Amino acid sequence: MEPRNFDGEADRPRSAGAKQTGRVLVVGPYLRARAGSADAQSESHVQRDAEARLDEAAGLARAIDLVIADAIIAPISQIRPATYIGKGKVEEIAALAKSLDVELVVMDCALAPIQQRNLEKELQAKVLDRTGLILEIFGRRAKTKEGALQVELAHLNYQRSRLVRSWTHLERQRGGFGFMGGPGETQIEADRRLIQERITKLENELKKVQATRRLHRAGRQRVPYRVVALVGYTNAGKSTLFNRLTRADVQAADMLFATLDPTLRALNLPHGGKAMLSDTVGFISNLPTQLVAAFRATLEEVLEADVILHVRDISHEDAEAQQSDVDAVLRQLGINPDDSGRIIEVWNKIDRYDAEQREELLNIAARRPEDHPAMLVSAVSGEGIDALLAAIEERLAAKRTTLDLSIDAADGAGISWLHRNSEVLAKELHDGRFDMTVRVDETKRDIVVNRFDAVPRLSA
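Take the position in the sequence shown, starting the count at 1, then add 7; the result is the number in the working numbering.
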């Protein structure tokens, strides 16, 4: 749908008397950039175009099967404490919402409870802000028990200040996670004390989940498998790349937040080694802080990863802004996005470029600093995947020690131990002994050196 700029009159005619029901109006109340301001000059390289922002908001609405009656931009000069937007804009949007007979107005911003309540009164429709919309998507997409717990916890923290004495006039209209559902609001949404009790219970359950994850992670650390994590903006192609690298069958679709629950699969490296590849939830601009906190257990796979693949949809018009948003979330998690020894930038979807554009992209990548390379790939066609795997293997190897040793062929227990606890790069039988080259992490280096009289291999 072509977005409209609601800075006065509508710029396309509407058929008179058309009555549409069950539809949604998406509003982008974006602050006008002040020319010459310090903020505009310092952040212009990561500022999104208003139409691109509105298109993403509409995509979020479509992700939960909402039918969009219209999507408009409502530029504002300042944020109003009572309704976020000015009185005139409220009246214009109210008139449009009435003419379209919409039941829900999605505001692509974060609304305070009082702003949301006032807008619902003025617009005579349910109002959902960006945070609520993302929470609704997560609520529908969570498949595992852990995901459901995380979403419910984030939702309750969000709703705690909104359901009590704020939306009493809408009690009969909200069900499920509380946004678009029908009748049947639960007691948990109507009573602040019960909400807090439920939050406490969820937090305790999630602590158990985190403990279980730590046990699983400790089990993986006992074998020589390193962890590689995929991160990136939602719909950047992470799940498609995950399937390509691991031959898995994780859901991959051209929609925002197609994948929510984390997945781990074995990744075969070019020289016979193995790693664990983790697919995580996609990031997005203005990701609700409730979700970052609630999904910290899931994102621990990223925190513990030896190598992080930052997957970018390089064909997207807002690729630079999306990179900035992902970097911001990584910083919230305590990860330095400029850590070139740990993070590999993957420019995905190069299949969308023609030969000339692709050559230009390759030249741009070639001019990047050596310690910050970009791997150009197409998760759909497989182009660039071999080079990416080689880069992953090289990064993993840089954090491990290569050792040469000679072991009696009759020492079956020792040979078996090496295969279980190291990456065997070479193994040749000479005069009843195996000459082996193995690669081990720091925790097992001294064990191999002392037990097998191994010596570090000198780099060429």
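C-beta atoms are modelled at their ideal positions from N, C-alpha and C, and glycine is treated no differently. Predicted model, so just to flag it, every value in this text is computed and none were measured.
Under the three-state DSSP convention, the category residue i falls into
| i | result |
| --- | --- |
| residue 82 | coil |
| residue 191 | Summary for residue 191: the model assigns pLDDT 44, below 50, so the residue's position carries little reliability; its value from the coordinates is reported in the next sentence. If DSSP states are grouped into helix, strand and coil, residue 191 belongs with coil. |
| residue 384 | coil |
| residue 435 | strand |
| residue 457 | helix |
| residue 426 | helix |
| residue 414 | strand |
| residue 292 | coil |
| residue 281 | strand |
| residue 374 | coil |
| residue 237 | strand |
| residue 310 | helix |
| residue 77 | strand |
| residue 450 | helix |
| residue 462 | strand |
| residue 95 | helix |
| residue 201 | helix |
| residue 242 | coil |
| residue 59 | helix |
| residue 248 | helix |
| residue 220 | helix |
| residue 273 | strand |
| residue 287 | coil |
| residue 419 | helix |
| residue 66 | helix |
| residue 402 | helix |
| residue 393 | helix |
| residue 253 | helix |
| residue 408 | strand |
| residue 315 | strand |
| residue 207 | helix |
Of the residues the options, the one placed nearest residue i, counting alpha carbons only
| i | options | result |
| --- | --- | --- |
| residue 79 | 168, 95, 86 and 35 | 35 |
| residue 64 | 136, 381, 89 and 86 | 136 |
| residue 284 | 313, 290, 133 and 422 | 313 |
| residue 207 | 157, 72, 362 and 131 | 157 |
| residue 464 | 408, 454 and 441 | 408 |
| residue 128 | 146, 165 and 89 | 89 |
| residue 106 | 77, 391, 60 and 81 | 77 |
| residue 98 | 449, 130, 122 and 390 | 130 |
| residue 405 | 380, 334, 81 and 349 | 349 |
| residue 410 | 446, 60, 438 and 337 | 446 |
| residue 150 | 426, 427, 370 and 288 | 288 |
| residue 376 | 347, 364, 461 and 60 | 347 |
| residue 87 | 71, 74, 72 and 118 | 118 |
| residue 415 | 460, 234, 62 and 152 | 460 |
| residue 96 | 108, 81 and 109 | 81 |
| residue 385 | 395, 441 and 379 | 395 |
| residue 143 | 72, 413 and 204 | 72 |
| residue 57 | 124, 211, 120 and 33 | 33 |
| residue 220 | 294, 311, 454 and 241 | 311 |
| residue 108 | 215, 132, 165 and 115 | 132 |
| residue 354 | 392, 75 and 456 | 392 |
| residue 91 | 337, 38, 74 and 425 | 38 |
Presumed contact (8 Å Cβ cut-off) between residue i and residue j, rounded CB distance
| i | j | result |
| --- | --- | --- |
| residue 320 | residue 243 | 4 Å |
| residue 93 | residue 100 | That belief does not hold up - the Cβ atoms of residue 93 and residue 100 are roughly 11 Å apart, past 8 Å. |
| residue 238 | residue 317 | 6 Å |
| residue 383 | residue 372 | 6 Å |
| residue 55 | residue 328 | 5 Å |
| residue 308 | residue 236 | 6 Å |
| residue 202 | residue 147 | Rounded, the Cβ-Cβ distance is 21 Å, inconsistent with contact. |
| residue 401 | residue 357 | About 21 Å; that fails the 8 Å criterion. |
| residue 286 | residue 246 | 6 Å |
| residue 68 | residue 113 | 6 Å |
| residue 120 | residue 169 | 5 Å |
| residue 163 | residue 124 | Going by Cβ atoms, the distance from residue 163 to residue 124 rounds to 18 Å, so no, they are not a contact pair. |
| residue 141 | residue 291 | 7 Å |
| residue 325 | residue 59 | 5 Å |
Short CB-CB distance (under 8 Å) between residue i and chain B
| i | result |
| --- | --- |
| residue 206 | No chain B appears in this structure, which consists of one protein chain only. |
Inset, instruction - Any chance you could list the beta strand (DSSP E) runs of at least 3 consecutive residues sitting entirely within the segment 97-168, in chain order? - result: 111-114 and 133-136
Inset, instruction - At 4 residues or longer, and completely inside the segment 322-368: list those alpha helix (DSSP H) runs for me, N to C. - result: 326-339
Inset, instruction - Taking 8 Å as the threshold, find out whether the segment 272-286 comes into contact with the segment 245-254 through three or more Cβ pairs. - result: yes
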